[in-house]
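K.L.:
Numbering (the working numbering), first residue to last: 88 to 300. This structure is in structure tokens; I'll ask about it shortly.
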């Protein structure tokens, strides 16, 4: 049986995690670079700007910044830095990106329901609760610099992370169910291509968030 707490196993797991993070950063940067034409279309006026895009762009660039910061924290072992500040920035970017992604999915659902107050107001209440947990979890990790090792976590409370990710998964699942209901039941006789696309995008986001919390 594998001893998951042995130094050798922990070292292998740490190396595997570092390799995985590099791969995720590479995939994300590749996807970001290949979709820059949308930003260019907005800058040149070919694409009309709408306020929901604020959350999309925030999520897009905060995740990029968070992945870069995380990569730096795992690789830099010689240049001494303020690890506590770096980890707070990483937590802020990553956690708020998670919240922005859920808002983006909620806005799509609100649009499908044509701003029905019985859907919109409860979703807003759930969003506020979500962000309350997100803001609290930002200050949940402390880190320090260790010579020849780099940044090391000194303390953290996993309860807040568990609560944040559990809340996110339940929240997104509810939103996805509302979207599925509107698409499959209400619009059974007249399916909207936009609604179908939004449902597929939301389903993809939900499963990716579930696999890579």
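Yeah, the Cβ is synthetic: ideal placement off N, Cα and C, and Gly gets one too. Here the structure is a predicted model, which means the values were calculated and not measured.
If you reduce the DSSP assignment to three classes, tell me which class residue 227 lands in.
P.N.:
DSSP places residue 227 in coil when its eight states are reduced to three.
K.L.:
Do residue 219 and residue 181 have their beta-carbon atoms positioned less than 8 angstroms apart in this structure?
P.N.:
no
K.L.:
Roughly how many whole angstroms lie between the Cα atoms of residue 198 and residue 190?
P.N.:
12 angstroms
K.L.:
Leaving out the 5 sequence neighbours to the left and right, which residues in its chain are closer than 8 angstroms to residue 105 when beta-carbon positions are compared?
P.N.:
161 and 162
K.L.:
Going by the beta-carbon positions, is the gap between residue 174 and residue 228 smaller than 8 angstroms?
P.N.:
yes
K.L.:
Just the Cα atoms here: how many angstroms apart are residue 270 and residue 264?
P.N.:
10 angstroms
K.L.:
Please list the terminal residues of the continuous beta strand (DSSP E) segment that includes residue 242.
P.N.:
Counting along the chain, the beta strand (DSSP E) containing residue 242 begins and ends at 237 to 243.
K.L.:
If the criterion is Cβ atoms closer than 8 angstroms, does the pair residue 221 and residue 185 meet it?
P.N.:
yes
K.L.:
Alpha carbon to alpha carbon, how far is residue 118 from residue 130? Give it in angstroms, no decimals.
P.N.:
19 angstroms
K.L.:
Taking all protein chains shown into account, decide if residue 266 is buried (16 or more other Cβ within 10 angstroms of its Cβ) or exposed.
P.N.:
buried
K.L.:
With DSSP collapsed to three states, give me the class of residue 138.
P.N.:
coil
K.L.:
Apart from the five residues just before and just after residue 250, which ones in its own chain have a Cβ nearer than 7 angstroms to its Cβ?
P.N.:
220
K.L.:
Are there 16 or more other CB atoms within 10 angstroms of the CB of residue 133, so buried, or fewer, so exposed?
P.N.:
exposed
K.L.:
Which ranges does the alpha helix (DSSP H) cover as unbroken runs of at least 4 residues, wholly within the region 135 to 187, from first to last along the chain?
P.N.:
140 to 162
K.L.:
Report, in whole angstroms, the separation of the C-beta atoms of residue 183 and residue 149, which I expect to be a contact under 8 angstroms.
P.N.:
6 angstroms
K.L.:
Output the distance between the C-alpha atoms of residue 102 and residue 235, rounded to the nearest integer angstrom.
P.N.:
16 angstroms
K.L.:
For the alpha helix (DSSP H) holding residue 124, just list the boundary residues, first then last.
P.N.:
It spans 123 to 130 - the alpha helix (DSSP H) in which residue 124 sits, taken as one unbroken run.
K.L.:
Just how far apart, CA to CA, sit residue 142 and residue 187?
P.N.:
5 angstroms
K.L.:
Assuming residue 107 and residue 158 form a contact by the criterion Cβ under 8 angstroms, report the distance between their Cβ atoms to the nearest whole angstrom.
P.N.:
In fact, because the Cβ distance is near 11 angstroms, the residues do not count as touching under 8 angstroms.
K.L.:
Just how far apart, CA to CA, sit residue 177 and residue 171?
P.N.:
Rounded to whole angstroms, residue 177 to residue 171 spans 10 angstroms at the Cα level.
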